[in-house]
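Enquirer: So in full-length UniProt numbering, spot 189 of the sequence shown is number 189, and the numbers just go up one at a time. Just so it is clear, CB atoms sit at the ideal spot from N, CA and C, and this is done for glycine as well. Every value quoted in this text rests on a predicted model; they were computed, and no experiment measured them. Let me begin by handing over the structure; questions about it come next.
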Amino acid sequence: MAPLKQNAKTKGPIKERYFNNTFAHGGLTHNAKTRRKWVPENKVSDGSLKEGQGFAFKRMEKIKHEYNKLLRKERKKMQPSLIQLEEEYPEHLRHLYLAERERLDEEQEKRRKDVKGEHSHKTPFIRRKQKMSSYQKTRQEYERIIGERARKREEFLKGKAQREEALKKYKEKKIATYQLLKRKTKKGQPNLNLHMEILLQKIQTPCK
């Protein structure tokens with residue numbers, strides 16, 4: 001038979017673990033039959049989001065619950081009010097109240113349609129642009145590129161024609177000047193008077 005001290009040593013750590021698991025995480029429950037969830041000894045926080053026990057996750061769930069509760073209260077407030085108004089109508093005047101209510105509903109619906117129609121008239125291009133399909137957008141982009149190319153080609157041809165016209169005039173002027181400089185006197189010498197006139201024209205041309 002083993003000694004009593006050895007049994008005490010073996011039972012000691014078990015009691016310590018039992019003490020840590022029970023009292024370190026809230027103590028014993030009032031009802032002995034209910035079981036507490038097992039929590040590791042080194043676990044201090046509530047848990048992680050994967051476990052569904054994180055602090056932020058719990059706070060978010062609480063906020064959602066409070067928001068849904070407020071929505072339910074608002075719906076309950078709205079529903080009985082309409083029923084209560086209909087029930088509080090006097091019997092001999094109920095048809096008048098209902099007719100007035102229908103008239104107000106029709107005016108409100110008409111006002112809503114008028115506002116919608118004004119908005120559609122003010123922004124027809126925006127709505128049309130929103131309804132454009134991908135094919136229409138591609139077609140519009142293609143037409144824009146074709147128009148841009150045609151405009152650039154027209155500008156290029158216009159500039160080319162102007163350059164050719166200027167070059168033609170320059171050549172004609174050069175030939176005319178050469179014909180004047182080529183003239184000679186009766187003795188076969190260059191005509192200096194024509195040379196002087198041409199030089200004078202060149203000097204005066206930038207001054208114009």
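Which same chain residues, not among the five before or five after Thr-185, have their C-beta less than 8 Å away from its C-beta?
Expert: Numbered from its first residue, the sequence shown carries residue 185 at position 185. Asn-191.
Enquirer: Quick one: residues in its chain with C-beta nearer than 8 Å to the C-beta of Leu-181, no 5 flanking neighbours on either side, listed in chain order?
Expert: Looking up residue 181 in the sequence shown gives position 181. Counting only Cβ-Cβ distances below 8 Å, and skipping sequence neighbours, we find Pro-190, Leu-194, His-195, Ile-198.
Enquirer: In whole angstroms, give me the CA-to-CA distance for Glu-100 and Phe-55.
Expert: What you label residue 100 is simply residue 100 of the sequence shown in a count that begins at 1. What you label residue 55 is simply residue 55 of the sequence shown in a count that begins at 1. Glu-100 and Phe-55: Cα-Cα distance of roughly 54 Å.
Enquirer: Could you check what DSSP says for Lys-77 in three-state terms: helix, strand or coil?
Expert: Your numbering for residue 77 matches position 77 in the sequence shown. It is helical.
Enquirer: What span of residues does the alpha helix (DSSP H) with Lys-37 cover, start to end?
Expert: Looking up residue 37 in the sequence shown gives position 37. It is not in any alpha helix (DSSP H) - Lys-37 carries neither H nor E in the DSSP assignment.
Enquirer: According to DSSP, simplified to helix, strand and coil, what is Lys-131?
Expert: On the sequence shown, residue 131 is found 131 positions in, with the first residue counted as 1. Note: Lys-131 maps to coil in three-state DSSP.
Enquirer: Do you know offhand how far Glu-74's Cα is from Ile-63's?
Expert: Position 74 of the sequence shown, counted from the start, is the residue given in the question as residue 74. Position 63 of the sequence shown, counted from the start, is the residue given in the question as residue 63. Rounded to the nearest angstrom, the two C-alpha atoms are 17 Å apart.
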